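Numbering-wise, full-length UniProt numbering puts 632 at position 632 of the sequence shown, and it's gapless, one number per residue.
As structure tokens, the structure follows; a few thoughts come after it.
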Amino acid sequence: MNLTRRELLHYFGATAATGLIGPGCIGWTREEAIPVDSWHKSVCRFCGSGCETRVGLRDGKVVKVEGLQEGWNRGRLCIKGLLNREILYVSDRAQYPMVRKNGQLVRVSWDEALDAAAAGFREAIAQGGPDAVAFYGSGQLFTQESYTANKLFKGGIGTNNVDGNPRLCMASAAFGYKSVFGADEPSGCYDDIEHATLFFVIGANMAECHPVVWERVRDRLRTAPQTRVIVVDPRRTPTARDATLHLQIRPGTDVALLNAMTYELLRTGLVDSTFINNFVTFRKGTADSPPLTLENFQKFLEDYALEKVANLCGLSTAEIREAARLFGISQAAMSFWTMGLNQQTHGVAANRMMMALHLLTGQIGRPGTGPFSLTGQTNAGGGVRDTGSLAHALPAGRVVTKEKDRHEMEKLWGLPEGRISPNPGLSAVPLFEAMREGKVRAALVMATNPARSLPNADRYRVGMEKAFLVVSDSIFPTDTAQYADVFFPAAMWSEKEGVLSQSERRYHLVEKLVEPPGEARSDLDILVALGERLGHGALLKARTPEAVWDEWRMISAGTPYDFRGMTYARLKALPGLTWPCPTEQHPGTCRRYVPGEDPLAKKEGRIDFYARPDGRAIVYLSEQGPFREELTSDYPMTLTTGRRLEHWHTATLTGRIAQLQSIDIDYLEIHPGDAAVMGVKEGDMVQVTSTRGSVRLKALPSMRVRPGVVFALMHSTEHLVNAATSDYLDPTSAQPEYKLAAVRVEHVKEGT
Numbered sequence: 001m002n003l004t005r006r007e008l009l010h011y012f013g014a015t016a017a018t019g020l021i022g023p024g025c026i027g028w029t030r031e032e033a034i035p036v037d038s039w040h041k042s043v044c045r046f047c048g049s050g051c052e053t054r055v056g057l058r059d060g061k062v063v064k065v066e067g068l069q070e071g072w073n074r075g076r077l078c079i080k081g082l083l084n085r086e087i088l089y090v091s092d093r094a095q096y097p098m099v100r101k102n103g104q105l106v107r108v109s110w111d112e113a114l115d116a117a118a119a120g121f122r123e124a125i126a127q128g129g130p131d132a133v134a135f136y137g138s139g140q141l142f143t144q145e146s147y148t149a150n151k152l153f154k155g156g157i158g159t160n161n162v163d164g165n166p167r168l169c170m171a172s173a174a175f176g177y178k179s180v181f182g183a184d185e186p187s188g189c190y191d192d193i194e195h196a197t198l199f200f201v202i203g204a205n206m207a208e209c210h211p212v213v214w215e216r217v218r219d220r221l222r223t224a225p226q227t228r229v230i231v232v233d234p235r236r237t238p239t240a241r242d243a244t245l246h247l248q249i250r251p252g253t254d255v256a257l258l259n260a261m262t263y264e265l266l267r268t269g270l271v272d273s274t275f276i277n278n279f280v281t282f283r284k285g286t287a288d289s290p291p292l293t294l295e296n297f298q299k300f301l302e303d304y305a306l307e308k309v310a311n312l313c314g315l316s317t318a319e320i321r322e323a324a325r326l327f328g329i330s331q332a333a334m335s336f337w338t339m340g341l342n343q344q345t346h347g348v349a350a351n352r353m354m355m356a357l358h359l360l361t362g363q364i365g366r367p368g369t370g371p372f373s374l375t376g377q378t379n380a381g382g383g384v385r386d387t388g389s390l391a392h393a394l395p396a397g398r399v400v401t402k403e404k405d406r407h408e409m410e411k412l413w414g415l416p417e418g419r420i421s422p423n424p425g426l427s428a429v430p431l432f433e434a435m436r437e438g439k440v441r442a443a444l445v446m447a448t449n450p451a452r453s454l455p456n457a458d459r460y461r462v463g464m465e466k467a468f469l470v471v472s473d474s475i476f477p478t479d480t481a482q483y484a485d486v487f488f489p490a491a492m493w494s495e496k497e498g499v500l501s502q503s504e505r506r507y508h509l510v511e512k513l514v515e516p517p518g519e520a521r522s523d524l525d526i527l528v529a530l531g532e533r534l535g536h537g538a539l540l541k542a543r544t545p546e547a548v549w550d551e552w553r554m555i556s557a558g559t560p561y562d563f564r565g566m567t568y569a570r571l572k573a574l575p576g577l578t579w580p581c582p583t584e585q586h587p588g589t590c591r592r593y594v595p596g597e598d599p600l601a602k603k604e605g606r607i608d609f610y611a612r613p614d615g616r617a618i619v620y621l622s623e624q625g626p627f628r629e630e631l632t633s634d635y636p637m638t639l640t641t642g643r644r645l646e647h648w649h650t651a652t653l654t655g656r657i658a659q660l661q662s663i664d665i666d667y668l669e670i671h672p673g674d675a676a677v678m679g680v681k682e683g684d685m686v687q688v689t690s691t692r693g694s695v696r697l698k699a700l701p702s703m704r705v706r707p708g709v710v711f712a713l714m715h716s717t718e719h720l721v722n723a724a725t726s727d728y729l730d731p732t733s734a735q736p737e738y739k740l741a742a743v744r745v746e747h748v749k750e751g752t
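Here it is as structure tokens:
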């Protein structure tokens, strides 16, 4: 069945109330009435925008999902938001637990499945100690679930091998924020959009990946047409079409561009000297390195003069100069970025320099300003980054390498001193490499599909096959589930209760509205039951979503993440709350670090970077550095990857929606000039090969990509695009370099 987008909307009973008001963003109304018994407040379970919804129930089923008019999204949803009602009822919902017997997964009781999982973990620990096991989670789990997994593995089992797919998408942003400001997460809020006079979008296709946020940006452009937009992207995306200035940069050269812009800002005096003198310090390397001067920084930037880096970036000096000028003269500059900036071996450096642009110009802490990273998943921020559910971290900004932080958590969790290991665990890619090498013998994977989402995926599938693998998912089968020794069926979204966060630090409560299919259970219930069987039941005293949330609220107290005031009662009544929110009377914080707005900012004056010991944010001297993978005659082109509007991640959910299956996701964008040289026409099969692997896709000649660059979607369920992507890591964040792989592209003749 081939449906146009208009026909697709008609199928779902939706029309554009005000026309197509943005690339893929619709104001939804119904063409015909759907009987609804009751309405309930909720939030979309897809991207990190966190669109607030109201859910209509009838006869115990979700029959309608609409945007919540009182929410930050003003009643808008994209096509994926509407699909929240469809994903619950796809044919491949997992319904019962399974255990592998004689090479096949067979249905068993919950007791047998849990006993088998516990036995596999006990055996691995007996053979290799606590670090022979691991947890690999997801930004799709509720906060209570990630927090409980973190507590069970780090506090109970005694391993810091706790990581997840946010390492693949947002780790560089997290390390950037923490190193610059002392605490993770953006400082501003969506309300800043209405005050900005410049939007600087780098490495983000917001129109397709965060369409409702982008539509709010477009609202600002309509009401304040003097507002300017700079888009930095190797592709001419739907987002770039709205740009005042599109910098079609060479992939992986973002640090050079941002350094060149900074050089130009300083050269032309378009900086805020007072802000720099009062609130900024300069360092190279780490936050503990000796402070440097502005003069040191300026000298460092001489290597990034426009004429020295323009060719590297694939841009003209005039383009870079204009970008710097627009940023420098703007009254209120707001930046957005996501995977394009993060998924490279210079990801942390690029994040730091994006933040440096704001610090040097004083474009932070005022309405319409600030560096704002966007998350790709519903709960990567609140559920994973905030709860410390990563291999190096502990809850609320604490880290495993600091003795004080470990002792605090041991006391809060009721553990004996010394229980939490001081050694950072294995981050995502090294974790699966350790499984491949037999060092990690057992792992629990929840709510994610690493067999398809990891870079250089074929290499790490070997580890999944060798290790004792326990998988919990709401869909069966998945690429990862095929390697499972034990499979748990998980409840999804409104079939369970929990808290989600989103990009502006807003926490939302998702209430349980309907029953899950078959024997499916929430991931929280699964973790508690497994913890009991592993002998850590006493540690997991909080066992209901509300009890776990209340425990986590208290652990946030007195930290830069303080949200004690976000009670369940308030989350039920309100369309989310933004933290810090230290008391039950506090309305939530829009702009952090601002005295009078942020309750944790105690100093008087313009701003208080209270999470830094000296109260000053850091501008780092950040090198572009060499490419980990240079182009050669054998691999002369650059592969980069991304998403499109209708699908999400590895399409585990959206790929099950029959009406979306006609949306083409198996193509390779290639510049028409490159295609002509190869004799490739639209629809021809091409093979994309890197040093790691290859994938075959249909060619789509397109001016959207620059010459020498090819683009593929990560969603493909038929073709493993990540067989060819790079697993080189940022040395600080350990985030892989999906956006930059040296490849050759070959025309595949018919019959070969």
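Glycine included, each C-beta is placed from N, C-alpha and C at the ideal position.
Since we're looking at a predicted model, the values are computed, not measured.
Following the DSSP letters along the chain, one finds residue 241 in no alpha helix (DSSP H), marked with neither H nor E. Your pair residue 347 and residue 733 checks out as a contact, with CB atoms roughly 6 Å apart and the cut at 8 Å.
For residue 576, the closest C-alpha among the options 627, 105, 502, 301 is that of 502.
Going by C-alpha positions, residue 34 is about 28 Å away from residue 571. Of all alpha-carbon atoms in 42, 218, 178, 330, the one lying nearest the alpha-carbon of residue 64 is that of 42. Judged by beta-carbon spacing, residue 521 lies beyond the 8 Å limit of residue 118, meaning their Cβ atoms are not closer than that value. Contact check for residue 447 and residue 523: beta-carbon distance about 7 Å, within the 8 Å limit, so the pair qualifies.
If you look at residue 729, you'll find it isn't in any alpha helix (DSSP H); DSSP assigns it neither H nor E. No Cβ-Cβ contact shorter than 8 Å links residue 713 with residue 87. The C-alpha of residue 78 lies about 10 Å from the C-alpha of residue 44.
Membership of residue 320 in the alpha helix (DSSP H) is indicated by the continuous run 317-329.
Comparing alpha-carbon positions, the option among 536, 559, 528 lying closest to residue 548 turns out to be 528.
Boundaries for residue 181: no beta strand (DSSP E) harbours it, while the alpha helix (DSSP H) harbouring it runs 171-181, taken from the DSSP string. Taking all protein chains in view, the Cβ of residue 507 is crowded by 16 or more other Cβ atoms within 10 Å, so the residue is classified as buried. For residue 337, no alpha helix (DSSP H) segment is defined; the enclosing uninterrupted segment is the beta strand (DSSP E) at 333-337.
In terms of CA proximity to residue 281, 295 leads the group 295, 67, 268. Burial check for residue 562: the Cβ neighbour count within 10 Å reaches 16 or more, so the residue is buried.
For the 8 Å CB-CB criterion, residue 611 and residue 200 do not form a contact. Between residue 365 and residue 193, the gap from beta carbon to beta carbon reaches 8 Å or more. Beyond the five residues adjoining it in sequence on each side, residue 91 comes within less than 8 Å, by CB distance, of 656 in the same chain, given in chain order. Taking a contact as a CB-CB distance under 8 Å, the pair residue 369 and residue 204 does not count as one, their CB atoms being some 18 Å apart. DSSP places residue 641 in no alpha helix (DSSP H) but in the uninterrupted beta strand (DSSP E) bounded by 637-642. Around the beta carbon of residue 363, 16 or more other beta carbons lie within 10 angstroms, which makes this residue buried. Inside the segment 347-425, DSSP marks whole alpha helix (DSSP H) runs of 4 or more residues at positions 347-361, 403-412, from first to last along the chain. Here DSSP, grouped into helix, strand and coil, assigns residue 662 to coil. For residue 304 against residue 256, the beta-carbon gap comes to about 6 Å, under 8 Å, which counts as contact. Residue 401 and residue 150 do not touch by the CB rule: their CB atoms are close to 16 Å apart, not below 8 Å. Counting C-beta pairs with one atom in each stretch, the segment 447-464 and the segment 715-727 have three or more that are closer than 8 Å, which means they touch. Under the DSSP definition of a beta bridge, residue 41 partners with 54. Comparing C-alpha distances from residue 373 to each of 410, 380, 379, 335 shows the shortest one belongs to 335. For residue 273, the uninterrupted alpha helix (DSSP H) run begins and ends at 273-279, by DSSP.
Of the candidates 100, 145, 184, 102, the residue whose Cα lies closest to the Cα of residue 609 is 184. Counting along the chain, the unbroken alpha helix (DSSP H) around residue 299 starts and ends at 294-301. Residue 306 is a Cβ neighbour of residue 264, given a cutoff of 8 Å. Around the beta carbon of residue 38, fewer than 16 other beta carbons lie within 10 angstroms, which makes this residue exposed. CA-CA distance, residue 233 to residue 747, rounds to 27 Å.
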